[in-house]
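The structure appears below as structure tokens.
Number of protein chains: 2
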Amino acid sequence: MKGLTKYFPILEWGRQYNRATLTSDLVAACIVTIMLIPQSLAYALLAGLPAEAGLHASLLPLVAYGLFGTSRTLAVGPVAVVSLMTAAAIGSLGVLETTDKLLAAACLALMSGLMLIALGVLRLGFLANFLSHPVIAGFITASGIIIALSQMKHLLGINASGDNLVHLLQGLLAHLDQINFPTLVIGISATAFLFWVRKGLQPLLLKFGMAKRNAELASKTGPVFAVVVTTLTAYLLDLGSLGVALVGDVPSQLPGFSLPNISTDFWLALAGPAALISIIGFVESVSVAQTLAAKRRQRIDPNQELIALGAANVSAGSTQGFPVTGGFSRSVVNFDAGAETPAAGIYTAVGIAIATLLLTPLLAYLPKATLAATIIVAVLSLVDLSILKKTWRYSQADFIAVSATILVTLVLGVEFGVSAGVLLSILIFLLKTSRPHMAIVGQVEGTEHYRNIDRHQVITHPNILSVRVDESLYFANAHYLEDQIDNLAAERPPLQHVILMCTAVNTIDMSALESLEALNSRLSDRGIKLHLSEIKGPVMDKLKHTEFMSHLTGNIYLTQHRAVSDLVEQDYCI
Amino acid sequence: MKGLTKYFPILEWGRQYNRATLTSDLVAACIVTIMLIPQSLAYALLAGLPAEAGLHASLLPLVAYGLFGTSRTLAVGPVAVVSLMTAAAIGSLGVLETTDKLLAAACLALMSGLMLIALGVLRLGFLANFLSHPVIAGFITASGIIIALSQMKHLLGINASGDNLVHLLQGLLAHLDQINFPTLVIGISATAFLFWVRKGLQPLLLKFGMAKRNAELASKTGPVFAVVVTTLTAYLLDLGSLGVALVGDVPSQLPGFSLPNISTDFWLALAGPAALISIIGFVESVSVAQTLAAKRRQRIDPNQELIALGAANVSAGSTQGFPVTGGFSRSVVNFDAGAETPAAGIYTAVGIAIATLLLTPLLAYLPKATLAATIIVAVLSLVDLSILKKTWRYSQADFIAVSATILVTLVLGVEFGVSAGVLLSILIFLLKTSRPHMAIVGQVEGTEHYRNIDRHQVITHPNILSVRVDESLYFANAHYLEDQIDNLAAERPPLQHVILMCTAVNTIDMSALESLEALNSRLSDRGIKLHLSEIKGPVMDKLKHTEFMSHLTGNIYLTQHRAVSDLVEQDYCI
Chain S
66 MKGLTKYFPI LEWGRQYNRA TLTSDLVAAC IVTIMLIPQS LAYALLAGLP
116 AEAGLHASLL PLVAYGLFGT SRTLAVGPVA VVSLMTAAAI GSLGVLETTD
166 KLLAAACLAL MSGLMLIALG VLRLGFLANF LSHPVIAGFI TASGIIIALS
216 QMKHLLGINA SGDNLVHLLQ GLLAHLDQIN FPTLVIGISA TAFLFWVRKG
266 LQPLLLKFGM AKRNAELASK TGPVFAVVVT TLTAYLLDLG SLGVALVGDV
316 PSQLPGFSLP NISTDFWLAL AGPAALISII GFVESVSVAQ TLAAKRRQRI
366 DPNQELIALG AANVSAGSTQ GFPVTGGFSR SVVNFDAGAE TPAAGIYTAV
416 GIAIATLLLT PLLAYLPKAT LAATIIVAVL SLVDLSILKK TWRYSQADFI
466 AVSATILVTL VLGVEFGVSA GVLLSILIFL LKTSRPHMAI VGQVEGTEHY
516 RNIDRHQVIT HPNILSVRVD ESLYFANAHY LEDQIDNLAA ERPPLQHVIL
566 MCTAVNTIDM SALESLEALN SRLSDRGIKL HLSEIKGPVM DKLKHTEFMS
616 HLTGNIYLTQ HRAVSDLVEQ DYCI
Chain H
66 MKGLTKYFPI LEWGRQYNRA TLTSDLVAAC IVTIMLIPQS LAYALLAGLP
116 AEAGLHASLL PLVAYGLFGT SRTLAVGPVA VVSLMTAAAI GSLGVLETTD
166 KLLAAACLAL MSGLMLIALG VLRLGFLANF LSHPVIAGFI TASGIIIALS
216 QMKHLLGINA SGDNLVHLLQ GLLAHLDQIN FPTLVIGISA TAFLFWVRKG
266 LQPLLLKFGM AKRNAELASK TGPVFAVVVT TLTAYLLDLG SLGVALVGDV
316 PSQLPGFSLP NISTDFWLAL AGPAALISII GFVESVSVAQ TLAAKRRQRI
366 DPNQELIALG AANVSAGSTQ GFPVTGGFSR SVVNFDAGAE TPAAGIYTAV
416 GIAIATLLLT PLLAYLPKAT LAATIIVAVL SLVDLSILKK TWRYSQADFI
466 AVSATILVTL VLGVEFGVSA GVLLSILIFL LKTSRPHMAI VGQVEGTEHY
516 RNIDRHQVIT HPNILSVRVD ESLYFANAHY LEDQIDNLAA ERPPLQHVIL
566 MCTAVNTIDM SALESLEALN SRLSDRGIKL HLSEIKGPVM DKLKHTEFMS
616 HLTGNIYLTQ HRAVSDLVEQ DYCI
């Protein structure tokens, strides 16, 4: 039973479901539905797909997450960064027909869903930890810039394309003469309005005496308001005939089940992008879910989240949708609006279904510029270059990784940015551990503590050299260590003892063991004994059975202090 | 001046050169020359090249190393593993003509030489440390097996080919009916004789009263003896007409300078193999050089060694040779024979030049089976499966890396084995550090030491939890740490303080800092304060300027003992 609830969290929260929870969930679902309609249309546009794909991706996937998800408040659906990655993946196939694009998008979602489920079942969620915070932050910032730029063409009413900074700017500049002014007016007004809603509406409502929470939620309905007003304007002024791009006919029917049927070559070509989309979608979603869960002292299970997001994507892929994940702003609204269980997501899906059946005829006159404006306003909040400043001040390694991620994403596109960031952070970590910090230590007077002689007033003995190595000993630093300590010893002629203080040594691998053997005999050639102190339990367990223990010229001491006292005493005895 | 001697070590040892050194070097050079002639022919055969290529590779490269090398006794030339890798690289091009093979081999040597020089100039020699000892041991063992198998066809006088275990065995079995019996007799006798020389000659000579060192050196002349006897036999009995494969005409002239002229496609195709050959050759050579230098209390400079080996390979590439490096057995002989300076290598080159001019006509009757026998006997000493047992007993991670290296080398060939081993060892290291060992610690009674509660009798306090994390905190383990400590805290309701003991924390990167922030606020939500103790100097330097310091609910203590005493005292005061 416990095992079953693990895989179907609905069995847990479902049992405590009552009227109060129902009411809270329904209110939240209504607000999220209103927010999600323009977003789902806009992100379909961003992914290079017709508007209905956005609605499809906001139906069954929400139900699937509701059944399997462990977060009580995560709102799943199309999100900006994943939609951009979808556009890039489809773009790399070189298909032009809309039906082919839809198939490719569904195929991406399906594959990504299966990959997520596989990771979840194999409990490999921890692999996502290899994406460091700065790399993710850099990637999202750079993606935000690319997304905003990619939407400029809709705001200007021109034809331009490109999936990186250079191409986008070139495309825009080359077509500046084709600007469509009615489109520009709609676009600029919508953008200005949405910015004002974001910054100015809430204070205004508060001033008029509205409760803070309601004011916050009301300010989230801005996009719907913009959609309604611009659609009406376009209809009344017949803006379509003035060259304003409109969304056009959206079929007012629910999607059927069907697996995308495309060639093996395309499946193969999409496997890499699907993997990237999976991992980025998962990392984004899980961090939102974790943040929100912590606020209510709830917990989420990352491996079950993989399964839930996987199920959501498999449903998106089999109902003509495209890749989805948990979105930040949407989940925050869901949380603030009082959603208490994943049922809120299921009710949202019902809301979207009703909208699909009833409201789509009205969307024909919706200007694309309005959708572009909602995207631009939404993603500019993702752009946060302060991560550069933060890492610059705190950590060189992180700064290099984050700048590389931003630069590569901007210049080469989203598909390379994350990989570059991850590889670089791993490389830097390896390089750092391959040249570890070492300190010569001495006794802090009157204590049993041994500290760096460069940082503290300490007592040392001319015939004893105590070295603390601040890293595990493994193949990449074994030789370095051997050479450094041998050099330190060579510089100190009266030396008789070297004590290696192992407080920070968490493992000693085979290569390092061989290097210690070599160091032991090199020091022995110089008439110096090698001692070890403060070896950790797990490390000692392994060393115990090795030949090294019998070759070691010196002793192994539980504490550094005992080592030094013992060796000093021996000296007096001689 | 110091800088110049750094790049031209000859300026240092050349100044102290005198008659005694000259005599020692000349004696060593004579013995090495006698050993090198059959070896250079045999390794050319192994590389799939005509015999003269081996002689060419033993001329100028030795002079180049003599000018730039920092090892006093390293003997450079063709070696088994690098020759096998050369054969594999040429094989992958699919060229059949001997002249094309020679060009490809020269091109490999040239590229590998340039790569080595580049690594040396950029002082990137430390990169070789990422090849762990067990991976190298596994690779050499597996290569030894493949080499021995690849020579069986020469011993049996059949035509078979293949570059991995499966293909080699298939090839041999498929052609067993074509065995040439005169070849088999020559091959088996030569092999048996060489094994006997290796094991039995030295004891025999000692029994006859020969000095140990002379007996050792005499036992190294076995291959030359085998060459002379089998060549004479082949000449006298006209074995060629009986189907015994002979070396045939070897041009008795010195090679001219010429850069290999092959298509760009081939250069590109050979770049990967050239890089692998460089790194394997360097690692092998440097470990031999280091071992020998340590015996005489000399030192070698790995970055200058890169330049010297690079120069040797550039010369090999521009004089119709193939990739060379420092060989183990040859260098030991050079060392034992008393070589004192790299001049011995230069004299050896002169010896080989004389042999090329005078002795090559005699080589026409040399049976290939004899060369195959010398190779087999030489490489079987490389095969040492004990590394499997050693790593099995000492370290799981190393065992996995070494078994993968052996398996992949045997099954997929030399080009994949090392890469698989290196990638796997890095991956395992990353995975290990991503799930670090953690210990709850308590005070060892009567001391200021804090140890693992599972391993020692310690004192703990119910409202204080002290956790020691045995790893640097970085992106791959940041989340894990956050979750683990939060879980530990959640299990202990009366808890008021968590002390993170950082003796083994060598860095805290940006991701880990953010996780600490998150942990701090998660614990704070539970009414628990987070304290840090024993933070290292370099880590503290970075933390000092962060916002985390002002958010931290608890304190930072220099020592774990002070942290606990302080918190216990606070408790009594309340």
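For the protein sequence lines, the chains are S and H, in the order given. Using our numbering, the letters of the first sequence map in sequence onto residues 66 to 639. Using our numbering, the letters of the second sequence map in sequence onto residues 66 to 639. From the three backbone atoms N, C-alpha and C, an ideal C-beta is built for every residue, glycine too.
Among all the DSSP beta bridges, which residues are the ones paired with residue 508 of chain H?
Locating residue 508 of chain H in the second sequence gives position 443, counting from the first residue. Residue 508 of chain H has H:515 and H:524 as its beta-bridge partners, per DSSP.
Report back the beta-carbon spacing between residue 547 of chain H and residue 524 of chain H to the nearest angstrom; my notes put them in contact at under 8 Å.
In the second sequence, residue 547 of chain H corresponds to position 482, counting from 1. In the second sequence, residue 524 of chain H corresponds to position 459, counting from 1. About 28 Å separates the Cβ atoms of residue 547 of chain H and residue 524 of chain H, ruling out a contact at the 8 Å cut-off.
Work out the CA separation of residue 614 of chain S and residue 624 of chain S for me, nearest whole Å.
The residue labelled residue 624 of chain S in the question sits at position 559 within the first sequence. The residue labelled residue 614 of chain S in the question sits at position 549 within the first sequence. Our two residues, residue 624 of chain S and residue 614 of chain S, have alpha carbons roughly 18 Å apart in a direct line.
Interface positions of the segment 460-471 of chain H facing chain S (Cβ-Cβ less than 7 Å), listed along the chain
Going along the segment 460-471 of chain H in chain order, one finds 460, 462 and 463 with a Cβ nearer than 7 Å to chain S.
Just to confirm the assignment, what range does the alpha helix (DSSP H) spanning residue 328 of chain H have?
Indexing the second sequence from 1 puts residue 328 of chain H at position 263. Element bounds for residue 328 of chain H: n/a, residue is neither H nor E.
Quick check on residue 76 of chain S: does DSSP put it in helix, strand or coil?
Here residue 76 of chain S is taken as the residue at index 11 of the first sequence, counted from 1. Here residue 76 of chain S sits in helix by DSSP.
Just checking my contact of residue 602 of chain S with residue 520 of chain H at CB under 8 Å: how many whole Å lie between their CB atoms?
The residue you call residue 602 of chain S lines up with position 537 of the first sequence. The residue you call residue 520 of chain H lines up with position 455 of the second sequence. The pair is a contact, with the Cβ atoms about 5 Å apart (cut-off 8 Å).
If contact means a Cβ-Cβ distance below 9 Å, which residues of the segment 68-95 of chain H contact chain S?
The residues in question: there are none.
Amino acids of chain H, ordered along the chain, whose beta-carbon sits closer than 7 Å to that of residue 491 of chain S
As a position in the first sequence, residue 491 of chain S is number 426, starting the count at 1. Correct list: 495.
Excluding five sequence neighbours on each side, which residues of the same chain lie with their C-beta closer than 7 Å to the C-beta of residue 205 of chain S?
Against the first sequence, residue 205 of chain S aligns to sequence position 140. So the qualifying residues of the chain are 146 and 447.
Check the Cβ-Cβ distances between residue 575 of chain H and every residue of chain S, and say whether any is below 7 Å.
Numbered from 1 along the second sequence, position 510 holds the residue referred to as residue 575 of chain H. Interface residue, yes.
Report the option in S:293, S:253 and S:217 whose CA atom is closest to the CA atom of residue 240 of chain S.
By one-based count along the first sequence, residue 240 of chain S stands at place 175. The shortest C-alpha separation from residue 240 of chain S is found at S:217.
List the endpoints of the continuous alpha helix (DSSP H) containing residue 277 of chain S.
For the purposes of this step, residue 277 of chain S is identified with residue 212 of the first sequence, where counting begins at 1. 277-283 is the span of the alpha helix (DSSP H), which, as asked, contains residue 277 of chain S.
Run down chain H in chain order and give the residues with a C-beta less than 8 Å from the C-beta of residue 480 of chain S.
Position 415 of the first sequence holds residue 480 of chain S. Within chain H, no residue comes near residue 480 of chain S; the closest Cβ sits about 21 Å away, beyond 8 Å.
Name the residues in the segment 536-555 of chain S whose C-beta lies less than 8 Å from a C-beta of chain H; which are they?
Per Cβ criterion, the list reads 536, 537, 539, 540, 541, 542, 543, 544 and 545.
Nearest-angstrom Cα separation, counted from residue 97 of chain S out to residue 215 of chain S:
Mapped onto the first sequence, residue 215 of chain S falls at position 150. Mapped onto the first sequence, residue 97 of chain S falls at position 32. Roughly 26 Å between the two C-alpha positions.
Answer yes or no: does any C-beta atom of chain S fall closer than 7 Å to that of residue 197 of chain H?
Position 132 of the second sequence, counting from 1, holds the residue named residue 197 of chain H. When Cβ-Cβ separations below 7 Å define contact, residue 197 of chain H makes contact with chain S.
7 Å Cβ cut-off: residues of chain H touching residue 602 of chain S:
Stepping through the first sequence from its first residue, residue 602 of chain S is reached at position 537. Neighbours of residue 602 of chain S on chain H, chain order: 517 and 520.
Per-residue DSSP class, three states only, for residue 307 of chain H
Looking up residue 307 of chain H in the second sequence gives position 242. In this structure, residue 307 of chain H counts as helix in the three-state DSSP scheme.
If we ignore side chains and look at the alpha-carbon of each, how far apart do residue 430 of chain S and residue 247 of chain S end up?
Counted from its first residue, the first sequence places residue 430 of chain S at position 365. Counted from its first residue, the first sequence places residue 247 of chain S at position 182. When rounded, the separation of the alpha-carbon atoms in residue 430 of chain S and residue 247 of chain S is 14 Å.
Chain H contact residues for residue 499 of chain S, given Cβ-Cβ distances below 7 Å
On the first sequence, residue 499 of chain S is found 434 positions in, with the first residue counted as 1. Per Cβ cutoff of 7 Å: 191 and 194.
Buried or exposed for residue 498 of chain H, please, with buried defined as at least 16 other CB atoms from any protein chain shown within 10 angstroms of its CB.
As a working mapping, residue 498 of chain H is identified with position 433 in the second sequence. By the neighbour-count rule (16 or more Cβ atoms within 10 Å), residue 498 of chain H is buried.
Residue 467 of chain H vs residue 209 of chain H beta-carbon contact at 7 Å
As a position in the second sequence, residue 467 of chain H is number 402, starting the count at 1. As a position in the second sequence, residue 209 of chain H is number 144, starting the count at 1. Going by C-beta atoms, residue 467 of chain H is not nearer than 7 Å to residue 209 of chain H.
Buried or exposed by the 16-neighbour rule on C-beta atoms within 10 Å, applied to residue 88 of chain H
The sequence position of residue 88 of chain H within the second sequence is 23, counting from 1. Exposed, because fewer than 16 other Cβ atoms sit within 10 Å of the Cβ of residue 88 of chain H.
Just to confirm my understanding: we take residue 244 of chain H, look at its own chain, exclude 5 residues before and 5 after, and list those with CB closer than 8 Å. What are they?
Working through the second sequence from its first residue, we reach residue 244 of chain H at position 179. Excluding residues up to 5 positions away in sequence, 221, 222 and 223 lie with their Cβ nearer than 8 Å to the Cβ of residue 244 of chain H in the same chain.
Is there at least one non-hydrogen atom of the ligand HEM closer than 6 Å to the beta-carbon of residue 464 of chain S?
As presented, the structure is devoid of all ligands, the ligand HEM included, so that no description of it is given.
Do residue 436 of chain H and residue 106 of chain H count as a contact pair if the criterion is CB distance below 7 Å?
If you number the second sequence from 1, residue 106 of chain H lands on position 41. If you number the second sequence from 1, residue 436 of chain H lands on position 371. Result yes, Cβ atoms of residue 106 of chain H and residue 436 of chain H sit closer than 7 Å.
With 16 other Cβ atoms within 10 Å as the buried cut-off, status of residue 629 of chain H:
By 1-based counting over the second sequence, the position of residue 629 of chain H is 564. Classification of residue 629 of chain H: buried, given that the 10 Å Cβ count is 16 or more.
How many Å lie between residue 533 of chain S and residue 554 of chain S at the Cα?
Here residue 533 of chain S is taken as the residue at index 468 of the first sequence, counted from 1. Here residue 554 of chain S is taken as the residue at index 489 of the first sequence, counted from 1. Taking the straight line joining both Cα atoms gives about 14 Å.
May I ask you to verify whether the segment 344-364 of chain H touches the segment 380-400 of chain H, counting CB pairs closer than 8 Å and requiring at least 3?
Verdict: yes, contact present.
Under 7 Å between C-beta atoms of residue 127 of chain H and residue 414 of chain H
Working through the second sequence from its first residue, we reach residue 127 of chain H at position 62. Working through the second sequence from its first residue, we reach residue 414 of chain H at position 349. Yes. Within cutoff.
Between H:575, H:190 and H:111, which lies nearest to residue 463 of chain S when the distance is taken from Cα to Cα?
Here residue 463 of chain S refers to the residue found at position 398 when the first sequence is read from its first residue. Comparing Cα-Cα distances from residue 463 of chain S to each of H:575, H:190 and H:111, the minimum goes to H:575.
Throw me the rounded Cβ distance for the residue 178 of chain H and residue 375 of chain H pair, which I believe falls under 8 Å.
Taking the first residue of the second sequence as 1, we reach residue 178 of chain H at position 113. Taking the first residue of the second sequence as 1, we reach residue 375 of chain H at position 310. About 5 Å separates the beta carbon of residue 178 of chain H from that of residue 375 of chain H, a gap short enough to meet the 8 Å contact definition.
Is there contact here, the segment 140-155 of chain S with the segment 179-194 of chain S, by at least three beta-carbon pairs under 8 Å?
These segments do not touch.
Of the residues that make up the segment 355-374 of chain H, which ones have a beta carbon closer than 8 Å to any beta carbon in chain S?
If the cut-off is 8 Å between Cβ atoms, the segment 355-374 of chain H has 359 and 362 near chain S.
What distance in whole Å lies between the Cβ atoms of residue 441 of chain H and residue 256 of chain H, which are believed to be in contact at a cut-off of 8 Å?
Walking along the second sequence from the start, residue 256 of chain H turns up at place 191. Walking along the second sequence from the start, residue 441 of chain H turns up at place 376. Between residue 441 of chain H and residue 256 of chain H the Cβ distance is about 6 Å, and since that is below 8 Å, they are a contact.
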